[in-house]
Structure formats: C-alpha cells, structure tokens
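Let me begin by presenting the structure, written as structure tokens, before commenting on it.
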Amino acid sequence: MIKLNNIHKSYEMGSSKLHVLKGIDLEIEQGEFVSIMGSSGSGKSTLLNILGMLDNYDEGSYHLAGKLIANMSEKKAARLRNEMVGFVFQSFNLISFKNAMENVALPLYYQGVSRKKRNVMAMEYLDKLGLKPWAEHMPNEMSGGQKQRVAIARALISKPKIILADEPTGALDTTTSYEVMEILKEINEIGITVIIVTHEHDIAAMTQKIVRLKDGRIHEVIRNGELSEFRYKYSKELQPA
Amino acid sequence: MFDIDKWQEIFATIKKNKMRTFLTGFSVAWGIFMLMILLGSGNGLSNGVASNFMNDAVNAMWIWTGETTIPHQGLKTGRPVQFHNDDYDLIKSLSGVETASGRYYMGNTRYSYGKESGEYTTVTCHPELNTVENMELLEGRFINSVDIVETRKVVVIGKDIKEALFKDIPALGEYVNINKVPFKVVGVCIEPGSTRNRNAYMPVSTAQKIFSGGNRLHNFAVTINGQTLEESQQIEERIRSTFARKLRFDEKDESALGMYNKLENYIQTMRIFQAIKIFIWIIGIGTLIAGIVGVSNIMLIVVKERTKEIGIRKAIGASPASVIGLILLESILITTIAGYIGLVLGTGLMEGINYMMVQSAGEAAQQGETVFLNPTVDFNVAVAATLLLIVAGAIAGYIPAKRAASIKPIVALRDE
Ligand SMILES: Nc1ncnc2c1ncn2[C@@H]1O[C@H](COP(=O)(O)OP(=O)(O)OP(=O)(O)O)[C@@H](O)[C@H]1O
Ligand SMILES: [Mg+2]
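Protein sequences appear in the order of chains Y and W.
Numbered per the UniProt record's numbering, the first sequence spans residues 1 to 241.
Numbered per the UniProt record's numbering, the second sequence spans residues 1 to 416.
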C-alpha cells in the first residue's frame, strides 16, 4: 500500500537548511494500524504530511497503491488526497462557520456530489459516530471529543483508503482519547489503513505497529507480536524512577 | 460560474462577515455614485448649452455685406458691397451649401388691421429660411416656392403680431396692410427659444417688387453640410473667396463680407464639453480605482484571516482553481452589487433632479435659455459601468485570490 524508499526532506531556514528526514524506508500494508512515535521535532508530522501528499520530499521515492507520488501538479495532488486520504488533526480543523453536517459534507463538495446527496451521506456518517443530534451545531458549540468525531466523519465520508491522524488525541482527556481510539480501531477493522502520530504510549499500544523516529531516521519498528513486550516496557517506564 | 454550491459557499462567508462586506462595498458604491453624479452634471451642462444652439439649425451660417476697408484691384476703400438675386443663385450652387435664403431689409414697416396697427420687423426671405431658423408654425404654412415665383402678396406673422392686431379673431386668410399694401396672412409662427415673436415673413421676390427693392439682397441665411470644424471652415472659405472674386473685394476684408458660422461655434463649444467629459471620466475612474484598491486590500486581509480555512479546504481536496474561484467570485459579487447600488442611487438622484427641473420650469423650459438640461446618464454608459465593475471586481480579487491559491496546507494547518 505505502512504500517509502530512502525519503529525505529538509526545510530551508533562511540561509541554513534543516535536514528533518534523513532516509526513511518504510512499508505499510493495506489494513494496517500504525502509530508513529518519537520526540518533539523528530519529523513525525513531516513524514505524515509527505504520506498525505500535503508536502513534497526531496529525495527517494514514495509509492502509494503502486503509483509513484512525485512532481504532481497541485490540482492532481488535491484530487488524489480527496480520493485516497482522510485527515484527522490534533486541533480538529473544522471550518468554524459551518455546522457539523456541512463540515462533514465538504469533501464531497470537492468531488462534485450534489448538495442533497452529500448532506444525506453526512448525516449517515454523523449517525454512525453517534452525533446525529449535533448535526446542526456549530463547532464552537461542541466538546473536543465531539469535534474530533466530526473530523473523523469528515475524513471517512470520501471513503478513503488511508486515514492519517496527527496526534488525534492530543487535545483530549483520557476517556475521550480512548473513545476516539475505539472509533479508529473500528475504522481499521473495515479495512482502512490508519496511521496516527502520537506521543502517548498507551495510545500507541492500541495499534498494531509502532514506528519510532529518532533524529530523522527510523529508530525501531515494534510489530504486533512484540507489542505485549512493549506494553510491559511502557508500564515500567510509567513507574516513578 | 453558475454552480449554486459555490455561491452558497460565498454567501455563507459574506453572511458571517457583514461589517467587513459592507465596508468593502461602500468604497466601490461611493466611487460609482460620484462617477454617475459627475457624468450626469457634465451631461446636463453640455445638453443645456447644446439645446441653446439647437434653437437654430446647428449648421446655420449668416452672411451679410458692408463696406470695403482694404483697397483691392485699384478700388478705393469705403465702397459698399451689395448682393443681388444672381448671388443667391450662385451661393445655392456652391458645394457644401445645403439650403440658402436671401433677405431684403425693408426698414420699419407698419402693420394694420382694422383699427389696430403697430410697427414690426419684416423679414423677407426664401422658403429655405425655415430650415435655418427652425420656426414653429402655430397655424397655416410658411412661405413656399410658388409664393416666390408668383410674387404673391402673402405674409407669415409672428404670434405677438397676431395677438396685437387680431386679438381673438382668426388671422388666417385675413388681409393685413403692410405699409398700406394688403397682404394675405397664410401662417402664424413662433421662434423657439425666443420670448419675442414680433417678426413677419414675406416672400423676398414680392418685397423687391412692391417695395422697389429691384434685385438687391442684404444678406443670406444658409445651412451647410460640413461635419467637422475643418469642413465647415473650408465651406466658409469657399463662400468668401467666391464672393471676393465676383464682388471684387479683398478676401481678408471682414467688413466687406461678414459671416457668422454657427457650426464652428457649436463644434468649439462641444470640444470644451468633450474635454470636460474626459476630465470627469478621469476623476470618476480615479475614485473607482481607489475603491478597487480598497476592495483588494480588504480581500487580502480576508485571505489572511481565512488562511487556516483555505488550508483545510485544500487538505480535503480543494484544487487551487476552486480556491481562486472562491475569492474572485466573492470580490466580484461585492463590487458588482455595491457598485450597482451606487449606480442606481447616482442615476436616481440625477433623474430626480431632472424631474424636479422639468416640474418647476414647466412651460418656461421650452422658451428662453437653459444652462442645465436633462442631467442624466446614458443607459449605455450605465451598462458599460456595470461591465467595468465586474472587471474591477476581478482585478480587485486577483491578487488576493492568487495569494489564497498559493497557501500551503501544511503551513496553514500547523498548530501554533
Ligand atoms: N514548514 C516548515 N518550515 C521549516 N521548518 C519546519 C517546517 N515544518 C517543520 N519544520 C521543522 O522540522 C522539524 C520537524 O518538524 P515536525 O513537525 O515534523 O516534528 P514533529 O516530530 O511532528 O514534532 P512534534 O512532536 O512537536 O509535533 C522541526 O524542527 C520543525 O521546526
Ligand atoms: Mg507534529
């Protein structure tokens, strides 16, 4: 599904250059549930943005569903994003002057779906996430968990192959975080690849594979089977030193 | 363009930001409003002056003779120059001359009917005089060519003469004594733009015969078919040089042959108004440009405010073109609607002034001199202004829209 080969990425900072990704090799299969971890500034968001075609890479190759993603026009990238990827952000990124239903329906607008049809579909997805009564509410009238569920509905409505979530639980309390993770798990179970960036070990532990970034490189990849050990290690980390 | 969804998107944002939209629109509305008022006033002034000219045919020319002041071919100065009937045939045959009427002055003439009598001016003329001076006939007809050929004793009297001599009795068909010779009244007329109608018109041939004028003529009133100032000056020159040769005086001798060319005056005056109009357009367009810059500025701020929103839209699949469309259409919508309001208010005000002027002036507006007439703006100009507004909106929105399209979602969405 996703195949990264020696990906490099640097940002120009005035005269100097900041080398953020220093050769990432990564393969993610269809239907995997992956979390990306690492310290702040290690390049997690950068990697996710490249995966989501929001940003270009400098070197290497990125294949998505067998297609090389490189040198695309903005228009083509926008269409591909719309068809393939659903985004979930830490700060929800809902459009403030649109109600929940309109926010959810927006990706379909860019697919040219008629207003009536997309509103019906938006209601369907809101219903799935238990937000039907909130359809007419504006984002500022909703709690963080509700907003994130609206954002997830919006990410799902275009029936993407991949959900990319950058710290989806970063702004939520533990209970709500677990609810959101539960939803993401259900999404994963219907076959959608889910990739999340997180700082929290307990959140990462709910995924099937953890990719740890360190200093622009993949430090370690912890797979399904090893996760129990990771959980053990993680619980030890939590104990006061 | 006619995508309802796109418009709903735009209306949603406009509704969210009413104050901002109002301020943006106001500058454009004001620009158009001022432009319409300026143009309307300019038109009013120019129409007023034009209508004063129009009382006579615009292309009218008057030619009269005097005494020579420059020695010519051995002839001394102070020699009187005189037109005769053959000069009338000559001037009629000149190219560029449309119609011509000769005139013979009779001095003071006494008109009497029954017990009433009075002194009035008698204008002796050819039928063509009516083309030059645009008389309006209240009753009957003007002098015609049969009157000239048969030297009929007929007269067309001015309204004031009719009222003084005939009171309420119908004058048509009655005989009025002019210097004791009876003439049949065939018409009553007024001169538009004049408050005195004390002239009477009689066939020039009759006047020459009855009042012993021989074949002498005193002046000509002609209309010419020159379109431009140059053409009309050429015709003037041609007439002058023809008569200079025939009547033997120096071509530069202004007092031997006097000429007044209305077209020349008209064109020169209209040129001034043309200049004023251009000036008004420059000021108006300037005001409009200020409005456009204002819109452009506000739209730039709008784009900045909406950076995050645009980033979100792009992340979930908005193409650069759709983002440009969003900003551009909003800009065009605001400028067009606001500009249209300015247009309606501006033309409405001018129409209102026009209406009040017509109401208060009433009858008098047709008589006498007017400085201000019909101060309204052409429908064509209004349409042009509307198109201009749409273009203006597009220009105003272009830079902000480009800015919006270049927003990178990763930058817009980065959490502070
Ligand atoms: N658009 C950009 N221009 C310049 N530098 C950038 C840009 N985006 C990210 N960086 C820099 O690249 C580095 C990696 O950023 P990135 O956002 O990928 O880190 P991260 O792992 O997501 O960190 P965090 O956990 O704090 O979100 C950081 O030092 C950051 O300052
Ligand atoms: Mg990050």
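Beta carbons: idealized from backbone N, C-alpha and C, even for Gly.
Between the CA atoms of residue j and residue i - distance to the nearest angstrom
{"i": "residue 42 of chain W", "j": "residue 176 of chain W", "result": "48 Å"}
{"i": "residue 154 of chain W", "j": "residue 81 of chain W", "result": "30 Å"}
{"i": "residue 113 of chain Y", "j": "residue 14 of chain W", "result": "23 Å"}
{"i": "residue 48 of chain Y", "j": "residue 95 of chain Y", "result": "22 Å"}
{"i": "residue 24 of chain Y", "j": "residue 4 of chain Y", "result": "7 Å"}
{"i": "residue 338 of chain W", "j": "residue 396 of chain W", "result": "14 Å"}
{"i": "residue 394 of chain W", "j": "residue 136 of chain Y", "result": "34 Å"}
{"i": "residue 174 of chain Y", "j": "residue 143 of chain Y", "result": "14 Å"}
{"i": "residue 59 of chain W", "j": "residue 270 of chain W", "result": "13 Å"}
{"i": "residue 273 of chain W", "j": "residue 292 of chain W", "result": "28 Å"}
{"i": "residue 49 of chain W", "j": "residue 375 of chain W", "result": "12 Å"}
{"i": "residue 17 of chain W", "j": "residue 28 of chain Y", "result": "45 Å"}
{"i": "residue 262 of chain W", "j": "residue 290 of chain W", "result": "42 Å"}
{"i": "residue 407 of chain W", "j": "residue 391 of chain W", "result": "25 Å"}
{"i": "residue 168 of chain W", "j": "residue 200 of chain W", "result": "19 Å"}
{"i": "residue 16 of chain Y", "j": "residue 411 of chain W", "result": "19 Å"}
{"i": "residue 45 of chain Y", "j": "residue 279 of chain W", "result": "60 Å"}
{"i": "residue 140 of chain W", "j": "residue 162 of chain W", "result": "13 Å"}
Chain Y contact for residue i (CB, 8 Å cutoff)
{"i": "residue 336 of chain W", "result": "no"}
{"i": "residue 13 of chain W", "result": "yes"}
{"i": "residue 315 of chain W", "result": "yes"}
{"i": "residue 413 of chain W", "result": "yes"}
{"i": "residue 404 of chain W", "result": "no"}
{"i": "residue 410 of chain W", "result": "yes"}
{"i": "residue 320 of chain W", "result": "yes"}
{"i": "residue 378 of chain W", "result": "no"}
{"i": "residue 396 of chain W", "result": "no"}
Cutoff 6 Å; reference residue i; Cβ partners in own chain excluding five residues on either side
{"i": "residue 122 of chain Y", "result": "101, 104 and 105"}
{"i": "residue 88 of chain Y", "result": "151, 152, 155, 165 and 168"}
{"i": "residue 138 of chain Y", "result": "99"}
{"i": "residue 22 of chain Y", "result": "216 and 217"}
{"i": "residue 129 of chain W", "result": "101 and 221"}
{"i": "residue 7 of chain Y", "result": "21, 24, 57 and 60"}
is_contact[residue i, chain W] using C-beta, thresh 8 Å
{"i": "residue 149 of chain Y", "result": "no"}
{"i": "residue 55 of chain Y", "result": "yes"}
{"i": "residue 49 of chain Y", "result": "yes"}
{"i": "residue 8 of chain Y", "result": "no"}
{"i": "residue 4 of chain Y", "result": "no"}
{"i": "residue 74 of chain Y", "result": "yes"}
{"i": "residue 68 of chain Y", "result": "no"}
{"i": "residue 139 of chain Y", "result": "no"}
{"i": "residue 153 of chain Y", "result": "no"}
{"i": "residue 78 of chain Y", "result": "yes"}
{"i": "residue 184 of chain Y", "result": "no"}
{"i": "residue 82 of chain Y", "result": "yes"}
{"i": "residue 110 of chain Y", "result": "yes"}
Sequence-distant residues of its chain with Cβ nearer than 8 Å to residue i (five each side left out)
{"i": "residue 191 of chain Y", "result": "30 and 31"}
{"i": "residue 180 of chain Y", "result": "145, 148, 149, 152, 168, 169 and 172"}
{"i": "residue 190 of chain W", "result": "135, 136, 138, 158, 159 and 197"}
{"i": "residue 346 of chain W", "result": "32, 33, 34, 35, 36, 37, 40 and 377"}
{"i": "residue 127 of chain W", "result": "101, 142, 143, 144, 145, 147 and 148"}
Chain Y contact residues for residue i, given Cβ-Cβ distances below 7 Å
{"i": "residue 312 of chain W", "result": "93 and 95"}
{"i": "residue 309 of chain W", "result": "95"}
{"i": "residue 400 of chain W", "result": "Chain Y residues near residue 400 of chain W: none, gap ~18 Å exceeds 7 Å."}
Same chain, Cβ closer than 7 Å to residue i, neighbours up to 5 away in sequence not counted
{"i": "residue 381 of chain W", "result": "39"}
{"i": "residue 116 of chain Y", "result": "none"}
{"i": "residue 82 of chain Y", "result": "107, 110, 111 and 158"}
{"i": "residue 18 of chain Y", "result": "10 and 11"}
Chain W residues whose Cβ lies nearer than 8 Å to that of residue i
{"i": "residue 212 of chain Y", "result": "None at all; the shortest Cβ gap to chain W is about 22 Å."}
{"i": "residue 107 of chain Y", "result": "316 and 317"}
{"i": "residue 87 of chain Y", "result": "315 and 316"}
Within chain Y, partners of residue i - CB distance below 8 Å
{"i": "residue 16 of chain W", "result": "97"}
Amino acids of chain W, ordered along the chain, whose beta-carbon sits closer than 9 Å to that of residue i
{"i": "residue 263 of chain Y", "result": "An answer regarding residue 263 of chain Y cannot be provided, because it is not within the stretch 1 to 241 covered by chain Y."}
Flag this pair as touching only if the segment 161-168 of chain Y and the segment 126-134 of chain Y have three or more C-beta atom pairs under 8 Å; answer yes or no. Verdict: no, contact absent.
May I ask you to verify whether the segment 147-155 of chain W touches the segment 224-238 of chain W, counting CB pairs closer than 8 Å and requiring at least 3? no
Counting beta carbon pairs with one atom in the segment 183-201 of chain Y and one in the segment 34-41 of chain Y, are three or more of them shorter than 8 Å? yes
For the segment 396-405 of chain W and the segment 298-310 of chain W, state whether three or more C-beta atom pairs, one from each stretch, are separated by less than 8 Å. yes
Can at least three beta-carbon pairs, one atom from the segment 72-88 of chain Y and one from the segment 36-54 of chain Y, be found at a separation below 8 Å? yes
Pairs of beta-carbons, one from the segment 61-68 of chain Y and one from the segment 209-228 of chain Y, closer than 8 Å: are there three or more? Too few Cβ pairs lie closer than 8 Å, so no.
Three or more C-beta pairs under 8 Å: does that hold for the segment 54-74 of chain W against the segment 250-260 of chain W? yes
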